[in-house]
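2 protein chains.
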Amino acid sequence: MPVTIRDVARAAGVSITTVSHAFNGYEDVGDETKKRVLQVAKDLNYRPSRVARSLVLQQTQSVGLLISDFNANPGSNHFLFDVLAGIHNRLAELGYDVTLLSTTTARQQLISYIDFCTERRLEGVIVMGMRMDDPYMQEVADASLVSVGIDLPILSRHCGYVMTDNVGGAKQGVKHLLSKNHRRIGFVNGHLHAVVSIDRLRGYEDALQDEGIAVDPELIVHSDFLVEGGEKATAALLERRPDVTAIFYASDLMALGGMRHLQKAGRRIPEDVAVVGYDNVDVGQWVVPALTTVGQKRYEMGTSAAEMLVGMLQRKEEPRACVLQAEMVIRQSS
Amino acid sequence: MPVTIRDVARAAGVSITTVSHAFNGYEDVGDETKKRVLQVAKDLNYRPSRVARSLVLQQTQSVGLLISDFNANPGSNHFLFDVLAGIHNRLAELGYDVTLLSTTTARQQLISYIDFCTERRLEGVIVMGMRMDDPYMQEVADASLVSVGIDLPILSRHCGYVMTDNVGGAKQGVKHLLSKNHRRIGFVNGHLHAVVSIDRLRGYEDALQDEGIAVDPELIVHSDFLVEGGEKATAALLERRPDVTAIFYASDLMALGGMRHLQKAGRRIPEDVAVVGYDNVDVGQWVVPALTTVGQKRYEMGTSAAEMLVGMLQRKEEPRACVLQAEMVIRQSS
DNA sequence: AATATTACCCAAAACGTTTTGGAAACGCAA
DNA sequence: TTGCGTTTCCAAAACGTTTTGGGTAATATT
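From first to last, the protein sequence lines are chains A and B.
First residue of the first sequence? That's 1 in my numbering, and the numbers climb one at a time after it.
First residue of the second sequence? That's 335 in my numbering, and the numbers climb one at a time after it.
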């Protein structure tokens, strides 16, 4: 149905070789014929088939975007979408197509994500929204497929990653609190099998130690990154140490839950207890008081991942770890 | 580099025809050979090339997902992401790949989105996040490419759409307010060149008329769907009609802005002024008081769009308008 | 014994490109 | 005349599949 290079060749009275050459900037086609071919092609609305092109060139110029399980990440959609936008836009600029792929897809069809990619001859893949304990992690780790992970610190022969500096970010958040003269600062962390939790704990400890303050284990409590969890964790923390003057949360959602509990318990924010979250979710600017938080450069994470991937693809660059700085967003809760 | 059907054929000592037949469920291959071929294929890690397959079959089994300009929709990311998840998941189940595409991509490379799709031999396209006055709209309208729009009420020979019932939704929102005995209900609408604004106005009017209440033009004010706009519009409305007892907003963001102003102005919510929004953004459940709103079934919009598209593709179904019911989410602000 | 049927298998063409290795035509120098 | 460079063009192979239209041998039917 669609018009082929052969149609153009026939209509212009030349060979398909000539048409191909005219399109691809070869020098061995006369000015006169070149103009004619191009005109005919335009008239016929000719568009070269990428699939035929991919077949002969043995490269598809397209990469996969693996988003783990789409619905498994409630509350982090804003994050994923911004990163996705960055990935797509940069990749488009660089001439690559991006094909969506989720682990549910693969599971539904009982196919590994590697198989999915090789069938489609995807040249690389960017992975995001995946937890370290996801069974697919092993696959991306050992794969010979070129890949870069978002917030997945695995570095291997063909696999780089980009993430934000979580220890630095947490450190900034706590330092901010310290600068407001808080000394008994609670920390509500996420579960410890998440990489970010470990790093943020490090940042928390580092900030205190820089100031010569001993880390008090009673001030640290673990939760699950979500609102309810933050609420309960805050209750537990207040029970144990009613004298905290500030709480640093490893996620905004937990901070939101925490603020809810604090307000119920009659503590004013920030006068009685200051609150700092982590993630810079949209919600943060609409709660009262607006939430101080440390945010990630989401869009930039996407563009960086895109650039790293094509670097590995085109210039055979080594996979590396790209860590971006976090950015403090100071609002009214602290 | 990757292993081809020829490699398998050679290793199994059969022709490529036989390998192809063995893989595709033909009956004319012996049990013995079939088993051998499959085993060899597995050993060699053979994966049939989709691009070769697409070329000969003349169909790619993949569709485009056009997201207008990615960054042009601040605040509606959550919406787009959920829809995207629905689209992708359903499409994957139905055996289609989805390729990302934004109008910025096309603009960058000075290529129309139609050309983008035909070059890649995409079989159809789902369009979302686009405004009716976007210059690309004309293209999707006259395109011969099979397509379905999200929240884009254009119906043509090859083009269907899915959207939520905005007049019904607005009607529900206002009826809810009426049921709480409010009689002077303000309406902060979006700009009128957005289709949804016109429908929501209709719903507002219908609800009042059903109750025998005259529509008072002084109670209606236009804004821009965003927070600041809602804030100003609310100020203007209160100025003009200080006696309103409830306000219905055409977007949650405007409602958020409105609540901010109301609280500044010393009006209690919902005691003095009840508030109902539209969209069910995540934020809504975290502000105090939590925002009553009318929401769209975002994920379901995605799956519906996916189903409509493959219906048109595979069963030659006629393009149709699929309108989903809105759902009231009642919280504390009303 | 001849013929029809069945069960397996395969060669070759096709899909729409790119690229290689010339060929034809021409001008120019020997 | 011959030989040689240029310029402009093209035929054919290749990419990895699917599908058509057989073919061969063994078995069943007459």
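Glycine included, every Cβ here is placed at the ideal spot set by N, Cα and C.
Please read these numbers as outputs of a predicted model, since none were measured by experiment.
query: Same chain, Cβ closer than 6 angstroms to D431/B, neighbours up to 5 away in sequence not counted; result: S396
query: Contact set between the stretch 616 to 631 of chain B and chain A, restricted to residues whose Cβ is under 8 angstroms from the partner; result: D616, V617, W620, V621 and V622
query: Limits of the beta strand (DSSP E) - the one that L399/B falls within; result: S396 to L400
query: For I87/A, the nearest candidate out of G302/A, K232/A and M132/A (CA to CA); result: G302/A
query: Residue(s) in a DSSP beta bridge with D279/A; result: G295/A
query: Nearest-angstrom beta carbon gap, G230/A and M254/A [assumed within contact, 8 angstroms]; result: 3 angstroms
query: Cut-off 6 angstroms between Cβ atoms - residues of its own chain near A207/A, not counting five sequence neighbours on either side; result: K171, V174 and K175
query: Simplified DSSP state of V432/B, which is helix, strand or coil; result: strand
query: Residues, ordered as in the chain, of the stretch 102 to 113 of chain A that lie near chain B by beta-carbon distance below 7 angstroms; result: S102, T104, T105 and Q108
query: Cβ contact check for the stretch 641 to 654 of chain B and the stretch 615 to 633 of chain B: 3 or more pairs under 8 angstroms; result: no
query: Neighbour-count burial assignment, K42/A, 16 or more Cβ in a 10 Å radius; result: exposed
query: Neighbour flag for F23/A against chain B, beta carbons, 9 angstroms; result: no
query: Whole-angstrom distance between E218/A and L425/B, CA atom to CA atom; result: 50 angstroms
query: Three-state secondary structure (DSSP) of M646/B; result: helix
query: E539/B versus M466/B: straight-line alpha-carbon distance, rounded; result: 23 angstroms
query: Proximal residues to V549/B (C-beta, below 6 angstroms), its chain only, five neighbours per side dropped; result: E539 and L542
query: E327/A - partner residues in DSSP beta bridges; result: G295/A
query: Reference V127/A; option with closest CA among P153/A, I111/A and R120/A; result: P153/A
query: Contact set between G303/A and chain B, taken where Cβ atoms lie within less than 7 angstroms; result: Gly is not the amino acid found at residue 303/A; the sequence shown has Thr there. Those do not exist, as T303/A stays about 12 angstroms from chain B at its closest Cβ, beyond 7 angstroms.
query: Proximity test, Cβ basis, 9 angstroms: M335/B and chain A; result: yes
query: Enclosing alpha helix (DSSP H) for T164/A [first to last residue]; result: No alpha helix (DSSP H) holds T164/A; the beta strand (DSSP E) holding it covers C159 to T164.
query: Within 9 angstroms, strictly: CB atoms of L262/A and L291/A; result: no
query: Alpha carbon of E562/B to alpha carbon of T568/B, nearest angstrom; result: 10 angstroms
query: Against chain A: residues of the stretch 386 to 397 of chain B by CB proximity under 7 angstroms; result: A386, S388, L389 and T394
query: Residue(s) in a DSSP beta bridge with S304/A; result: Its beta-bridge partners do not exist; DSSP assigns none.
query: Closer than 9 angstroms to chain A by CB, F404/B; result: yes
query: Extent of the continuous beta strand (DSSP E) run through H78/A; result: No beta strand (DSSP E) contains H78/A, which is instead part of the alpha helix (DSSP H) from N77 to E93.
query: N189/A - partner residues in DSSP beta bridges; result: H222/A
query: Residues that L38/A contacts on chain B, provided the C-beta gap is smaller than 9 angstroms; result: Here the premise fails: no neighbours, minimum Cβ distance about 15 angstroms.
query: First and last residue of the uninterrupted beta strand (DSSP E) at G203/A; result: No beta strand (DSSP E) holds G203/A; the alpha helix (DSSP H) holding it covers V195 to D210.
query: CB contact check: E634/B to chain A, cutoff 9 angstroms; result: no
query: Coarse secondary structure for A143/A, derived from DSSP in three states; result: coil
query: Test item: CB-CB of S49/A and N423/B under 9 angstroms; result: no
query: Nearest candidate by alpha-carbon position, reference F559/B, set A475/B, V530/B, G429/B and V501/B; result: V530/B
query: Cβ-based burial, P242/A [other Cβ within 10 Å; buried from 16]; result: exposed
query: Option in G258/A, F248/A, S334/A and I185/A with minimal Cα separation from I213/A; result: I185/A
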